[in-house]
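Q:
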Amino acid sequence: DLHSDAGQVAAVRWLSYSVIVAGALQVAMLLPSLRAVGFRFHPSFHFWTPQVRRMVTLTIPVALSAAVLQISVLMDKGFAFLLSQGPGRSVFHLFGHTLTYPMAEGATQRLNWAQFMYQFPLGVFAIALATAIFPKLSADAQDTEDSIAPEQSNSHLRKPYTTSPRVPDGFKTILRHGVEASLFIGLPASVGMIVVCHPAVALLFQHGNFTAEDTKLVALSTAIYSAAIWAFSLQQILNRAYYALHDTTTPLIWGIVNLTINTIIEIPLLWTGLHEAGMAVGTLVSFAIQAIVMLWMLDRRCGGLHLRQSAAPILKMLIASTLMFLACMSIQYLPHYPSGSHKLTWAIQLFVLMAVGGLVYFGACAVMGMNVMEHFPRRRKSKASLK
201 DLHSDAGQVA AVRWLSYSVI VAGALQVAML LPSLRAVGFR FHPSFHFWTP QVRRMVTLTI
261 PVALSAAVLQ ISVLMDKGFA FLLSQGPGRS VFHLFGHTLT YPMAEGATQR LNWAQFMYQF
321 PLGVFAIALA TAIFPKLSAD AQDTEDSIAP EQSNSHLRKP YTTSPRVPDG FKTILRHGVE
381 ASLFIGLPAS VGMIVVCHPA VALLFQHGNF TAEDTKLVAL STAIYSAAIW AFSLQQILNR
441 AYYALHDTTT PLIWGIVNLT INTIIEIPLL WTGLHEAGMA VGTLVSFAIQ AIVMLWMLDR
501 RCGGLHLRQS AAPILKMLIA STLMFLACMS IQYLPHYPSG SHKLTWAIQL FVLMAVGGLV
561 YFGACAVMGM NVMEHFPRRR KSKASLK
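Structure, rendered in structure tokens:
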């Protein structure tokens, strides 16, 4: 009974239990595959080896840099909590000046819902793609390590790769394909979420105390956050590339730069007409800068990733995404496009926009000669066929 305090507490408790059970099941699902390749757990009391120490040393910056997006989200919520209006709270005093709180009451929750919206495609596609290609990137980086003369191996393990001759073509090819695949999904996801943000937010959240005005504010923040989905997706690939080269410091440094840029941009924007949506602008700009600069740095470091080969496919993706946006915007002006303020209306709008957007994007890519299916994961080939 979610209408009673006891029922709400019980629901939260059972939801928390389910997270633990789901985590245990996720680990258990991996055990048969591990046993199939000969892996067995056994106790060991001499585990603090040089290799383990190095792994721990590499892992700490990885954990910190991987949390940049979550830290950025937490910072946005913190600023929204501190700088939003509330009952009897509309102004504050700073250095002898009286300032108005820039965000309306409820900004913290509205930003939370907006972040939920744009993180959905990020979690479903971008992180899955980066996780899938990481083993291949690491394998190619290991081939590089194995090719170094034995007398150089110890010094090599103490620092990341820094010279282009040590980065094999296989690593560059896999990374370039990963960049293309992330943008193949990230660009239309950015455009698509911008197009469907209003009916999606209304369908999911607009009821009870969540008003039409709340929908408007959440949709605006969602649209701005979503404009950076391509950057979030690309960042997942780039971080894995640096990790494969045993460089966990560069992503961490850029994570700190990201948070700094984000804060510098978003705080002044809160006192503009954007108000709470200024938070989303800071996130958009900071992650776009980080993704572009880190890709440029990686290109120089590897002696060239041959990104010119990716220029034509990426241009086609941009054209297809533009056509998708125009088609989705145009269809909303047709006479029979559903209108109204009902759940069923919003659901139909969402379905129509998603269907039209998907057909136009993939259709445009196919017409321009792109092999659409090459950007989707295939079943792993057997060892016999690989041989």
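The sequence shown lines up with residues 201 to 587 when you count with the working numbering.
Beta carbons: idealized from backbone N, C-alpha and C, even for Gly.
Does the distance between the C-beta of Pro261 and the nearest non-hydrogen atom of the ligand FAD fall short of 6 Å?
A: In the structure shown, the ligand FAD is absent, as is every other ligand, since no ligand is present at all.
Q: Residues in its own chain within less than 7 Å of Lys336 by CB, not counting five upstream and five downstream?
A: Cβ within range, chain order: Ile374.
Q: Find the nearest neighbour of Asn458 within the set Met275, His242 and Ala210, judged by alpha-carbon distance.
A: Residue Met275 is the option with its Cα nearest to Asn458.
Q: In the structure shown, what three-state DSSP assignment does Arg289 receive?
A: Arg289 falls in the strand class under three-state DSSP.
Q: Exposed or buried, what is Phe279 when buried is set at 16 or more other beta-carbons lying within 10 Å of its beta-carbon?
A: Buried is the call here.
Q: Quick one: residues in its chain with C-beta nearer than 6 Å to the C-beta of Asn439, no 5 flanking neighbours on either side, listed in chain order?
A: Pro451, listed in sequence order.
Q: Met317 and Glu476: beta carbons closer than 7 Å?
A: No, Cβ-Cβ distance for Met317 and Glu476 is not below 7 Å.
Q: What number of angstroms, rounded off, separates the C-alpha of Leu264 from the C-alpha of Leu258?
A: For Leu264 and Leu258, the distance between alpha carbons rounds to 11 Å.
Q: To which residues of the same chain is Trp214 closer than 8 Å at the C-beta, ignoring the five residues directly before and after it?
A: There are no such residues.
Q: Note down the Cα distance separating Ala488 from Asn312, rounded to an integer number of angstroms.
A: Rounded to the nearest angstrom, the two C-alpha atoms are 21 Å apart.
Q: May I ask you to report which of helix, strand or coil DSSP gives Leu445?
A: Three-state result, Leu445: coil.
Q: I'd like to confirm the pairing. Which residues does DSSP put opposite Ser284 in its beta bridges?
A: Beta-bridge pairing links Ser284 to Met303.
Q: Measuring alpha carbon to alpha carbon, tell me which residue in Thr448, Val212 and Gln406 is nearest Leu544.
A: Here the closest residue by C-alpha is Gln406.
Q: So the alpha helix (DSSP H) Tyr217 belongs to, where does it begin and stop?
A: Taken as a continuous stretch (DSSP letters only), the alpha helix (DSSP H) holding Tyr217 covers Asp205 to Ala236.
Q: Starting from Gly504, trace the alpha helix (DSSP H) in both directions and tell me its first and last residue.
A: Careful: Gly504 lies outside any alpha helix (DSSP H) and carries neither H nor E.
Q: Find the nearest neighbour of Thr404 within the set Gln315, Ala547, Ala389 and Thr483, judged by alpha-carbon distance.
A: It should be noted that the sequence gives Leu, not Thr, for residue 404. Comparing Cα-Cα distances from Leu404 to each of Gln315, Ala547, Ala389 and Thr483, the minimum goes to Ala547.
Q: Beta-carbon separation of Ala566 and Val572 under 7 Å?
A: In contact: Ala566 and Val572 (Cβ atoms closer than 7 Å).
Q: So the candidates are Ser426, Ser541 and Ala441; which of them puts its Cα closest to the Cα of Leu498?
A: When each option's Cα is compared against that of Leu498, the closest is Ala441.
Q: From the DSSP secondary-structure annotation, give me the bridge partner or partners of Thr298.
A: According to DSSP, which records beta bridges pairwise, Thr298 is partnered with His293.
Q: Go to Leu553, then tell me how far its alpha helix (DSSP H) extends in each direction, as first and last residue.
A: Note, Leu553: alpha helix (DSSP H), Lys543 to Val567.
Q: Using a 10 Å radius around the Cβ and a threshold of 16 neighbouring Cβ atoms, would you call Val401 buried or exposed?
A: Its Cβ being crowded by 16 or more others within 10 Å, Val401 is buried.
Q: Please classify Ser216: is it buried, with 16 or more other beta-carbons within 10 angstroms of its beta-carbon, or exposed?
A: Label assigned to Ser216: exposed.
Q: Just checking my contact of Leu383 with Met517 at CB under 8 Å: how many whole Å lie between their CB atoms?
A: Correct: roughly 6 Å between the Cβ atoms.
Q: Should Asn409 go down as buried or exposed, given a rule of 16 or more other Cβ atoms within 10 Å for buried?
A: It counts as exposed.
Q: Can the beta-carbon of Ile385 be found closer than 7 Å to that of Phe325?
A: Contact flag set, yes.
Q: When you compare only the Cα positions, how much space is there between Pro287 and Leu474?
A: Rounded to whole angstroms, Pro287 to Leu474 spans 22 Å at the Cα level.
Q: Using DSSP with H/G/I as helix, E/B as strand and the rest coil, what is Pro535?
A: Coil, per DSSP.
Q: Is the distance from the Cβ of Ser521 to the Cβ of Val391 below 7 Å?
A: Their beta carbons are under 7 Å apart, which means Ser521 touches Val391 by this criterion.
Q: Would you mind giving the Cβ-Cβ distance between Arg376 and Leu282, rounded to the nearest angstrom? I have them listed as a contact below 8 Å.
A: That pair is no contact at about 43 Å.
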